[in-house]
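Protein chains in written order, with the numbering used here: chain A, 118 to 461; chain B, 118 to 461; chain C, 118 to 461; chain D, 118 to 461.
Beta carbons: idealized from backbone N, C-alpha and C, even for Gly.
Inspection log for the structure reproduced underneath, given as C-alpha cells.
4 protein chains.
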Amino acid sequence: MYRMNSDYTEGCVEQVLKKLVETNMDQTNGYGEDEYCDEAKALIKKTFACEDALVQFLIGGTQANFTLICASLRPHQAVIATNLAHIATHEAGAIEHTGHKVLEQPTSDGKLTAAQIEAAYQKYVTDPARPHWAQPKMVYISQPTETGSLYSKKELNDLYAVCQEHDLYLYIDGARLAYAFGSDENDLAVEDLAKTCDAFYAGGTKCGLLFGEAMVIINDKLKEDFFSIAKASGGILAKGRLLGVQFGEIFKDGLYFAIGKKACTQAKRIREAVLARGLELVTYTSTNQIFIKMSKEQFEKLSSEFALSHSGYLPDGSYSIRICTSWATKDEEVEKIINMIKEL
Amino acid sequence: MYRMNSDYTEGCVEQVLKKLVETNMDQTNGYGEDEYCDEAKALIKKTFACEDALVQFLIGGTQANFTLICASLRPHQAVIATNLAHIATHEAGAIEHTGHKVLEQPTSDGKLTAAQIEAAYQKYVTDPARPHWAQPKMVYISQPTETGSLYSKKELNDLYAVCQEHDLYLYIDGARLAYAFGSDENDLAVEDLAKTCDAFYAGGTKCGLLFGEAMVIINDKLKEDFFSIAKASGGILAKGRLLGVQFGEIFKDGLYFAIGKKACTQAKRIREAVLARGLELVTYTSTNQIFIKMSKEQFEKLSSEFALSHSGYLPDGSYSIRICTSWATKDEEVEKIINMIKEL
Amino acid sequence: MYRMNSDYTEGCVEQVLKKLVETNMDQTNGYGEDEYCDEAKALIKKTFACEDALVQFLIGGTQANFTLICASLRPHQAVIATNLAHIATHEAGAIEHTGHKVLEQPTSDGKLTAAQIEAAYQKYVTDPARPHWAQPKMVYISQPTETGSLYSKKELNDLYAVCQEHDLYLYIDGARLAYAFGSDENDLAVEDLAKTCDAFYAGGTKCGLLFGEAMVIINDKLKEDFFSIAKASGGILAKGRLLGVQFGEIFKDGLYFAIGKKACTQAKRIREAVLARGLELVTYTSTNQIFIKMSKEQFEKLSSEFALSHSGYLPDGSYSIRICTSWATKDEEVEKIINMIKEL
Amino acid sequence: MYRMNSDYTEGCVEQVLKKLVETNMDQTNGYGEDEYCDEAKALIKKTFACEDALVQFLIGGTQANFTLICASLRPHQAVIATNLAHIATHEAGAIEHTGHKVLEQPTSDGKLTAAQIEAAYQKYVTDPARPHWAQPKMVYISQPTETGSLYSKKELNDLYAVCQEHDLYLYIDGARLAYAFGSDENDLAVEDLAKTCDAFYAGGTKCGLLFGEAMVIINDKLKEDFFSIAKASGGILAKGRLLGVQFGEIFKDGLYFAIGKKACTQAKRIREAVLARGLELVTYTSTNQIFIKMSKEQFEKLSSEFALSHSGYLPDGSYSIRICTSWATKDEEVEKIINMIKEL
C-alpha cells in the first residue's frame with residue numbers, strides 16, 4: 118500500500134535528517150537565537166534577493182497565515198481571498214478567530230484575479246456607507262494555489278500593482294512554494310518573488326522538512342514586533358534551532374528547488390498517463406497535485422494499492438480524486454500507479 | 118425637505134417621550150435592576166407568550182447581534198446567514214471581531230431557505246476533513262429581512278425544524294419586528310414567534326424608541342451569564358431604566374404592533390402608486406421598505422423634495438432606490454411623494 | 118427614600134431633556150452625520166482647545182474604554198492601569214475580551230504615579246526576554262479616579278512626560294470629568310486637559326445626560342478609521358443625533374462645568390458633616406464621591422432613608438460606605454443626610 | 118563553554134532520535150490520524166491511569182496553555198494563576214489575546230494555595246456587582262512551578278477540592294512534568310495525577326523530545342471538539358505522527374520518568390555544592406532548576422565557562438541566577454560546575 122493522498126506522508130529529506138542527527142546534542146540558545154537560525158535566515162534572504170527582509174521561522178501553515186494576518190491588520194480590516202483559499206476552508210476559522218473577516222471571491226481554478234481585487238476594493242470604497250463595512254486591507258493568495266494551479270509572473274505583477282494602487286498588502290502563502298518553482302510552466306525567477314508582494318512564506322512542512330515555514334516580510338510596516346505577536350500566537354519553537362538546521366539544509370545548494378522539480382516531474386508523468394488513458398482532469402495543474410475525474414469503480418480500483426484523496430463529487434456524480442506527489446515520491450510508486458491508470 | 122431614507126430619522130413615539138419626561142427625575146438603581154425594567158420584561162414575555170424566556174435590554178442592533186452570537190458559540194463555531202444579512206454587511210466585521218465566521222449563503226430576496234441550511238450542514242458534516250472546518254452551529258435570519266421581505270409561518274417552522282434536527286441554534290434579528298407583524302401578508306401570530314427560534318430580539322431603535330433592543334432568549338443553553346457577556350461587550354446601559362421605561366410604553370396596549378401596522382400601510386400606499394405609475398420593484402416587499410428601479414433622472418426629481426436611499430446599481434445601469442416608512446411617517450409626506458411618483 | 122448610591126440614579130438635566138423633546142420629530146441622517154453632532158463636536162473642541170482633535174460620540178463608558186484601547190493597540194500590546202481602575206474591575210474583562218492585557222499597578226488612593234509607569238516600562242524594556250512579554254504601550258488613568266481622588270496639573274504633566282519619553286499613549290477616562298473640574302481643589306484649566314494626553318473622553322452618562330460619552334482623540338496616530346472600529350465594537354448609535362443634541366446642550370454656556378461644581382459643593386457639605394461628626398474617611402476625596410468608615414449599625418441607620426453603596430469591608434471589619442452626589446442632588450437631600458449623620 | 122541556562126538547549130534523547138530516523142520514510146496519514154499516535158495516546162492513558170481521557174498532541178507550551186484555556190472558557194470567564202505563572206509572564210499576553218483575563222495571585226515560592234483560590238472566588242461571589250466582574254472559572258498551576266518548587270499530593274488534593282467545591286476547572290501545566298516526578302521529594306504517584314485535576318499536559322519540549330506536549334483532558338466537559346479549536350489555534354501538526362513517534366518512545370518503559378530522575382539528581386548535586394559553599398538559595402527547589410543568590414563577580418566567574426540565566430536582581434542588588442539541568446546534562450558538566458562553585 119502506497120500513499121499519494123498528500124505531500125506530508127513522510128518525514129524529511131535525507132540531508133535534513135542527517136543534519137538533525139549530527140547537531141542533536143549541540144547546545145544552543147532557544148527561540149531562534151542561535152547560529153543555525155542566523156545562517157538559514159541569511160541564506161533565505163540571499164536566495165530570494167531580499168536582504169532587508171525580516172525572516173521569522175514558524176511551525177506550521179495555518180499558524181503562519183493567521184499570525185501574519187493578525188499582525189498586519191487593525192480590528193476592522195479584512196483580507197480578500199478566493200473561496201478555495203486555505204484560510205477560507207481548512208483552517209477551522211482561524212482568521213476569524215483572530216478577529217478578521219475573509220472576503221471570499223469565487224474561483225474555479227484556484228486563482229484570484231487583479232480584476233476581482235479591483236472590484237472588491239471599488240465595492241467598498243464607493244459605498245456611501247463605507248465606514249460600516251469591514252475594510253479590505255490585505256490580499257491573500259497561494260502560489261501554487263490550493264488546487265495546484267500556478268500564477269504567471271505577469272499575473273503576480275498585475276495582482277501586486279492593483280494592491281499597491283489601493284494600499285492593500287499582498288501576502289503569498291507558499292506552503293508548496295518548492296513545487297511552484299519546480300513546475301516546467303513557471304516563468305517567475307526565484308529572485309523576483311519578493312518583488313511581487315509584501316510578505317510570503319516558503320513552506321517547509323510540505324517541501325521536505327519535518328515541519329516549519331519561513332515567513333519572509335518585505336514591507337517594513339509589517340515587521341515591527343512580529344516575533345512577539347508570533348509568540349502570543351503560539352508560533353515560536355523553544356528549540357528554535359531545529360528550524361534553522363532544517364531550513365539551512367534545504368536551502369543549501371538549491372536543494373529546495375531540486376526536490377520541487379523532481380516532484381513536479383513525477384506528477385507530470387502521472388498526468389500524462391491520465392490524459393493518455395482518456396481520463397479528464399478536474400482542473401489543470403502543472404505542479405505536484407493532479408485532480409482527476411473518475412468513476413467510483415475506477416477510484417476503488419486504484420485504492421486497492423494507493424491511498425488517494427477523494428476531494429469531492431462532480432456535478433454528474435463522479436468523483437474528483439487528488440493524486441499528490443512530493444519530494445519523497447519514488448519512481449517505483451510512479452510506475453506502479455501509471456500502470457494501474459492504464460488499466461482503469 | 119422630507120426624509121424617507123431610513124426608519125430612524127426621528128426620535129421616538131409621543132407616548133414614550135412623555136413617559137421619559139415624566140420619569141426623568143425618578144431615582145432608580147442602575148443597569149436594569151429597577152421596576153421599569155422588571156415590568157417591561159414581564160410585558161414582553163407575556164406578549165410573546167414565553168414566560169420562561171430571559172429578556173435582556175441592549176442598546177443597539179449590531180451590539181445585540183454580536184453579543185448573542187459570541188455568547189452562544191465556542192471558538193471554532195460559525196453562523197450561517199445570507200450574503201445580504203446585516204451581520205454580513207453593515208456591521209464592519211463585528212461578528213468576526215468576536216472571533217466567529219459568517220458562512221454566507223446567496224440570496225436574491227433576502228431570505229434564507231431550509232434547503233440552504235441543510236446543504237451547508239451536510240457539506241460540513243459529510244466532509245472527511247470536517248474537524249478542519251469552522252463548524253456551523255447557529256443560523257441567523259432577520260424578520261423582516263434586510264430587503265423588506267417576510268418569512269411566512271411555514272417558512273419559519275421549516276427553518277427551525279432543520280435547525281433542531283441538526284442541533285443548530287436559530288436566532289432571529291427583529292430590528293424591524295414591528296413592521297413584520299404590521300404587514301398585511303404576515304401569517305405568524307405574535308405568540309408563535311418564540312416557538313420558532315432559540316432567541317430573537319424585538320427592535321426598538323427602528324420601531325418607535327429613541328434606541329434599544331429587547332433580546333429574548335428562549336433556549337436555556339443560551340441564557341447563562343448573558344448579562345456579564347453583554348457587559349463585557351459594552352451592551353449594558355448604566356441608566357438601564359431608560360430601556361425599561363421605553364419598552365414598557367411601546368409594548369403597552371399593543372402600541373408596538375399599531376405603529377408597525379401604520380408604517381406598513383403607508384408603505385403599501387406608496388408601493389401601489391409606484392406600480393400604478395408603471396415603475397418596477399427591485400424586490401417584492403410587504404413591510405415598511407420599498408425598493409424601486411428608477412432612472413437617474415427620476416431619482417433626482419424625487420430627491421428635490423425627499424431624502425431617499427440610493428442602495429445600488431442594477432445590471433442595466435439604472436438605480437435601486439429605497440423608500441422607507443416608519444412609525445413617524447406622516448400622511449402629508451405620503452401624499453406628497455405619491456403625487457411626485459405619479460408625475461415621474 | 119432617597120438614592121445617593123451612584124451618580125446615575127436620575128435621567129438628565131432639564132435643559133437636555135427640553136432639547137430632546139423639542140427636536141424629537143426633527144428628521145436627520147443617522148450615525149452622527151447630522152448638524153446637531155457637528156455643532157456639538159465643534160463646541161467640545163473649542164471648549165477643550167483642541168481644534169484638530171477627532172471627536173466621536175459613543176454610548177457608554179465600558180464601551181468607550183475598550184473601543185479606544187483596542188483601536189490603539191496591536192495584538193501583543195498591553196495597557197498599564199491601577200488595580201482599582203474601571204478597566205481592571207467593573208468591566209467584566211472587556212479589555213481582555215478585545216485581546217489586551219491590563220498591567221495592574223497597586224494603588225491606595227486610586228491614582229497611578231509617574232514612577233509606577235517608569236518602573237513598569239523599565240521592567241519590560243530591560244528584560245532580556247522582553248519579546249516574550251506583553252508590551253506596555255498605553256497608560257489608562259481616570260480623572261477623577263474611581264475612588265474620587267483628583268490628579269493635580271503637575272501630576273498629569275508628569276504622567277504625560279514619562280509616557281512621551283517612552284512612546285506610550287496616555288488615555289484619560291473622564292466618566293466623571295465634570296466633577297474633576299468642579300472640585301475646589303482642581304488646578305487644571307479646561308483648555309489644558311488635551312495637552313496632557315493622547316485621548317480622553319468627557320463623560321455624559323454620569324454628568325447630566327441620559328447616556329453618552331464624547332471621545333476626544335488628540336494624537337493623529339489614534340484617529341484613523343476610529344468610526345469603523347467603534348461600529349464593529351457596537352458603539353455607534355443609529356439615531357446619533359441624540360448624542361449631538363445632548364452634548365450640544367450640556368456644553369453650552371458652561372453647563373457641564375456648572376453641574377460639576379454644584380455636585381462637588383454638595384459632596385463637600387456632606388464630607389464636612391462627616392468629619393464634624395468624628396467619622397473617618399476611607400480615602401480623601403474632593404469630588405462628588407465620599408467614602409466613609411462606618412459601623413454596621415451606622416450604615417443601617419442611614420439606610421433607613423438613603424440607598425447608599427456598601428463598597429467593601431475594612432481590615433477591622435467596619436464598612437466602607439460610598440455616598441455619591443451628582444448634578445441631580447437636591448438641597449433637601451443633602452440637608453436630610455447631614456442631619457442624619459449628625460445623629461449617628 | 119557549556120549551557121545550563123535552560124532545559125531546552127539540546128535536541129532529543131537518543132531513543133527518540135533513533136526512532137525518528139527509523140520511521141522517517143514511513144508513509145502515514147496526517148494530523149495525528151496514524152498508528153504511532155494511537156499507540157502513544159494509549160500508552161499515556163495507561164501510564165496516568167486515565168483510560169477515558171482525551172489525549173491530543175500539541176506542539177508547544179504557550180500554545181497548549183492558551184488552546185486549553187480558550188477552549189474551556191466562555192467570553193467573560195477568567196483564569197486564576199500566580200503572578201509568576203507562565204501564562205502571566207512569558208507568553209506575550211497569549212491568554213488575553215484569546216480574550217481571557219488572568220487573575221494574578223501573589224506568590225513567593227511559585228505555588229498557588231487553596232486559600233488563595235477560596236479568597237479569589239469569595240471576592241467574586243460575594244460582590245453585589247458580581248456580574249460586572251470577569252468570572253473566575255479555571256485555576257492554572259504548573260507542576261513543578263516556574264520557580265522549581267513542587268506541590269505535594271496533599272496540596273494538589275486541597276487545590277482540587279476547593280476547585281470542585283466552587284465548580285472551577287483545575288488545569289496543570291506540566292511543561293517540566295518529568296522533573297516533578299523525578300524529584301526525591303515528590304510524593305504523588307503517577308497514577309494519581311489525573312485524579313487531581315480536570316486537564317494537564319505532559320511536557321515533551323523540556324523533557325527529552327525535540328518538541329511537543331501531550332494534552333490530557335479528564336473532564337468530559339472540556340473534550341468536545343478540542344481538535345478543531347486546536348486547529349484554529351495553530352496547534353495541529355501536519356505530520357502529526359512525529360509527535361506520536363516521540364511520545365511513544367519517551368513513555369516506553371518509564372523513560373520519561375528515568376530522565377526526569379536523572380536531571381533532578383544532577384541538580385541536587387549542584388544544589389548541595391552551592392549550600393556547602395555557603396551560598397544562599399533564592400527559593401527552595403527539589404527539581405531541575407536551582408536559583409542562587411550571587412554577587413556580580415561570582416556570576417561573571419561562572420559565566421566564563423557556563424551560560425547561565427540571570428533571572429533578576431534581589432533587593433540588596435545581588436543577582437538571582439538560575440542553573441538548569443535536564444535529561445541531557447552530562448556528568449562532566451556537573452563536575453565542572455561543582456568545582457567552579459567550590460572556588461567562587
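Taking Cβ-Cβ distances shorter than 7 Å, what residues in chain A pair up with residue i?
{"i": "C/PRO192", "result": "CYS187, ALA188, ILE346, ALA349"}
Would you report the Cα separation of residue i and residue j, rounded to the nearest angstrom?
{"i": "A/ILE200", "j": "B/LYS218", "result": "Reading off the sequence, residue 200 of chain A comes out as Asn, not Ile. Rounded to whole angstroms, A/ASN200 to B/LYS218 spans 13 Å at the Cα level."}
{"i": "A/ILE176", "j": "A/PHE343", "result": "14 Å"}
{"i": "B/MET419", "j": "A/LEU310", "result": "According to the sequence provided, residue 419 of chain B is Leu. The question's Met does not apply to it. Between B/LEU419 and A/LEU310, the C-alpha separation is close to 54 Å."}
{"i": "D/GLY320", "j": "D/PHE374", "result": "12 Å"}
{"i": "A/TYR286", "j": "D/ASP448", "result": "54 Å"}
{"i": "D/ILE440", "j": "D/PHE408", "result": "7 Å"}
{"i": "D/LEU467", "j": "D/LEU326", "result": "A question about residue 467 of chain D goes unanswered here, because the residues of chain D that appear run from 118 up to 461."}
{"i": "D/TYR153", "j": "A/GLU127", "result": "13 Å"}
{"i": "C/ALA209", "j": "B/PHE416", "result": "49 Å"}
{"i": "A/GLY429", "j": "A/TYR401", "result": "16 Å"}
{"i": "C/PHE317", "j": "C/ASP290", "result": "6 Å"}
Pop quiz: residue i and residue j are said to be a contact at Cβ under 8 Å. What is the actual Cβ separation, rounded to whole angstroms?
{"i": "B/SER123", "j": "B/HIS203", "result": "Contact flag wrong, Cβ pair sits at about 13 Å."}
{"i": "A/LEU267", "j": "A/SER403", "result": "6 Å"}
{"i": "D/VAL196", "j": "D/LEU220", "result": "7 Å"}
{"i": "A/ASP288", "j": "A/TYR238", "result": "A small correction: the amino acid at residue 288 of chain A is Tyr; Asp does not occupy that position in the sequence shown. Contact flag wrong, Cβ pair sits at about 16 Å."}
Can you check DSSP and say which residues form a bridge with residue i?
{"i": "C/THR199", "result": "C/GLN222"}
{"i": "A/THR400", "result": "A/PHE408"}
{"i": "A/TYR119", "result": "A/PHE423"}
{"i": "C/PRO253", "result": "C/ALA195"}
{"i": "C/VAL173", "result": "In the sequence on display, residue 173 of chain C carries Gln and not Val. DSSP, once it has assigned bridges, lists C/MET332 as partnering C/GLN173."}
Quick one: list the residues of chain A neighbouring residue i, beta-carbon separation under 8 Å, in chain order.
{"i": "C/GLN252", "result": "ASP342, SER345"}
{"i": "D/TYR125", "result": "GLY147, ALA355, LYS356"}
{"i": "D/MET142", "result": "GLU127, GLY128, ALA445"}
{"i": "D/LEU339", "result": "Chain A residues near D/LEU339: none, gap ~17 Å exceeds 8 Å."}
Kindly list, in the order they appear in chain C, the residues whose Cβ is closer than 7 Å to that of residue i.
{"i": "B/LEU425", "result": "Those within 7 Å of B/LEU425 in chain C number zero; the least Cβ separation is about 12 Å."}
{"i": "A/HIS249", "result": "LYS348"}
{"i": "D/HIS214", "result": "PRO192, GLY216"}
{"i": "D/ALA195", "result": "GLY210"}
{"i": "B/GLY352", "result": "GLY351"}
For residue i, which residues in chain B fall below 9 Å Cβ to Cβ?
{"i": "A/ALA292", "result": "None at all; the shortest Cβ gap to chain B is about 14 Å."}
In chain D, which residues lie with their C-beta within 8 Å of the C-beta of residue i?
{"i": "A/GLY210", "result": "ALA349"}
Can you name the residues of chain B whose CB is closer than 7 Å to the CB of residue i?
{"i": "C/CYS441", "result": "Ordered by position in chain B, no residue passes the 7 Å Cβ test against C/CYS441, which lies about 11 Å from the chain."}
Show which residues of chain B have a CB atom less than 8 Å away from the CB atom of residue i.
{"i": "C/VAL138", "result": "LEU134, VAL138"}
List the residues of chain C whose Cβ lies closer than 9 Å to the Cβ of residue i, in chain order.
{"i": "B/ARG120", "result": "GLN144, THR145, ASN146"}
Closer than 8 Å between beta carbons: that is the criterion. Which residues of the region 359–375 of chain C meet it against chain B? Listed by position, the residues of the region 359–375 of chain C near chain B (Cβ gap below 8 Å) are LEU359.
Interface positions of the region 169–182 of chain D facing chain C (Cβ-Cβ less than 8 Å), listed along the chain: Under the 8 Å Cβ criterion, the region 169–182 of chain D contributes no residue.
Closer than 8 Å, Cβ to any Cβ of chain B: which residues of the region 148–169 of chain C, in chain order? Residues passing the 8 Å Cβ filter: none.
Chain D contacts made by the region 231–250 of chain C, where a contact means CB separation under 8 Å: Considering only beta carbons, the part of the region 231–250 of chain C lying closer than 8 Å to chain D consists of PRO245, ALA246, PRO248, HIS249, TRP250, in chain order.
Below 7 Å between beta carbons is the criterion; list the residues of the region 313–340 of chain D that meet it against any residue of chain C, in chain order. The residues in question: there are none.
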